[in-house]
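These notes are about the structure you will find just below.
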Amino acid sequence: MLFRKGMQLSFELEDGYRETPEETFWRVYRQMRLKVRRSPAEVRSVRLRWRPYANSISTLRLRDGEMHIGLSEALRHAPDGVLEALAEILISKIFRHRPAPEFQSRYRVWLNSPPVRADLERLRQSNGRKHTSGSAGNHYDLQQLFDDINTRYFHGAIPPVSLAWSRSASRTHLGHWDPAHQTIVLSRFLDRPDAPRLAVEYVMFHEMLHVLHPTEFENGRRKVHHRRFRDAEKAFEGLTDAKAQLKRLCSATLSF
Ligand SMILES: [Zn+2]
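Counting in the working numbering, the sequence shown runs from 884 upward without gaps.
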């Protein structure tokens, strides 16, 4: 496969030469464009910024032919292989392509290793901002919901992502996982005292599952809520009640 040949190429570079992170992203982008044979947009250059945030480890945006990458300071000392895996994961998303499981597990193992978790915690504290800007609503705090569910259901295994309330208070689109921006968005409509906590927790749980279970492709068709996703969703305690509560609250067809 072309892709694997490309990967080997990176290990055949002269002794002592290390790619810069920009070069890694650029190389992975070019390899994927060859492999997938289409491009989300013409990319001419890569711009990378280090960010002191702990809540969002990485972001990737395409704008005017430029790939803008934001990486948390926690990634500065990550091994080359981890940065490469992250580049694969982020760039796959803009190509709507599924990254190879080996990259996902390589990145996840690194992310969940105790020194990295400690690093992230230190960053979080030194920033003096445990909460994503905008995560605290009038009634619910998204960061609290996320942390609580992450501990209760996932042993803290879901990597930190950005959290935001939607601008409009939609009662049909209650939640959304945006992989390109690594952001979970909940409808502002849910940020109200008469929205039962269980129902709001369920929407957050559902979106967090999307972080763990990327879109699958079956016979060329995108499957967002595939069987493994649905099976995993059954772990939510009070699933039936939560769905009924949401239906009552929104009195509309649910989609999220
Ligand atoms: Zn969904």
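Cβ coordinates follow ideal geometry from the N, Cα and C atoms, glycine included.
Review point. Touching or not, the stretch 941-955 and the stretch 1051-1066, by the rule of three or more beta carbon pairs under 8 Å?
Key: yes
Exercise for review: Tell me whether I1067 sits in a helix, a strand or coil according to DSSP, three-state version.
Suggested key: Strand, per DSSP.
Check your understanding: Nearest to E949 by CA position, among D1077, L931 and P935, is which residue?
Key -> L931
Practice item. Within 10 angstroms of the Cβ of T907, are there 16 or more other Cβ atoms? Answer buried if so, exposed if not. Key: buried
Exercise for review: Would you verify that the beta carbon of R1007 is, or is not, closer than 7 Å to some beta carbon of chain D?
Suggested key: The chain labelled as chain D is not found in the depicted structure, where only one protein chain is given.
Practice item. Could you tell me the distance, in whole angstroms, from the CA atom of G1017 to the CA atom of P998? Key: 28 Å
Point to revise | Other residues of its chain near I1032: CB distance less than 7 Å, five sequence neighbours each side excluded | key: Around I1032: E1084, M1087, F1088 and M1091.
Review point. Alpha carbon to alpha carbon, how far is R901 from I972?
Key: 21 Å
**Study point:** Own chain, CB closer than 7 Å to F978, minus 5 neighbours either side, in chain order
**Key:** Answer for F978: M915, V919 and P923, listed in chain order.
Practice item. Can you grab the Cα-Cα spacing for the pair K1013 / F1100, in whole Å? Key: In this prediction, K1013 has a pLDDT of 37, which is less than 50 and means its spatial position is unreliable; what the coordinates show is noted afterwards. Going by the C-alpha atoms only, they are around 36 Å apart.
Check your understanding: Which of the three DSSP states, helix, strand or coil, is assigned to S1057?
Key -> Reading off the sequence, residue 1057 comes out as Leu, not Ser. Three-state result, L1057: coil.
Check your understanding: At which residues does the beta strand (DSSP E) containing P951 begin and terminate?
Key -> Pro is not the amino acid found at residue 951; the sequence shown has His there. Segment E949 to S955, the beta strand (DSSP E) holding H951.
Exercise for review: May I ask which residues mark the beginning and end of the alpha helix (DSSP H) holding S988?
Suggested key: P984 to L994
Check your understanding: Hey, how far is the Cα of L917 from the Cα of E925?
Key -> 13 Å
Check your understanding: Quick one, are the C-beta atoms of D963 and H1022 less than 7 Å apart?
Key -> Their beta carbons are not under 7 Å apart, which means D963 does not touch H1022 by this criterion.
Practice item. My understanding is that G1122 touches A1082, with C-beta atoms under 8 Å, so please give their C-beta distance in whole angstroms. Key: Residue identity check: residue 1122 is Leu in the sequence provided, not Gly. Their Cβ separation, rounded to whole angstroms, is 11 Å, which puts L1122 and A1082 out of contact at 8 Å.
Practice item. Identify whether A1019 lies in helix, strand or coil by the three-state DSSP scheme. Key: strand
Practice item. Starting from the C-beta of D1061, find all residues in its chain whose C-beta is less than 7 Å away, skip the five residues before and the five after it, and write them out in chain order. Key: V1068
Exercise for review: Could you please give the first and the last residue of the uninterrupted beta strand (DSSP E) stretch that includes T907?
Suggested key: From DSSP, T907 is part of no beta strand (DSSP E) but of the alpha helix (DSSP H) over P904 to V919.
Review point. Of all the alpha helix (DSSP H) runs that stay within the bounds of the stretch 1104-1131, which reach a length of 4 or more residues?
Key: Here the runs fully enclosed are 1110-1116.
**Study point:** Cα-Cα separation between E1120 and H1093, rounded to whole angstroms
**Key:** 18 Å
Practice item. Put K1013 into one of helix, strand or coil per three-state DSSP. Key: Only weak support exists for where K1013 lies, its pLDDT of 37 falling under 50; the value from the coordinates is given anyway. Collapsing the DSSP output to three states places K1013 in coil.
Review point. In this structure, what does DSSP give as the bridge partners for L931?
Key: I952
Check your understanding: Do A983 and V911 have their CB atoms nearer than 7 Å?
Key -> no
**Study point:** Collapsed DSSP secondary structure at D1024 in the structure displayed
**Key:** D1024 carries a strand assignment under DSSP once its states are collapsed to helix, strand and coil.
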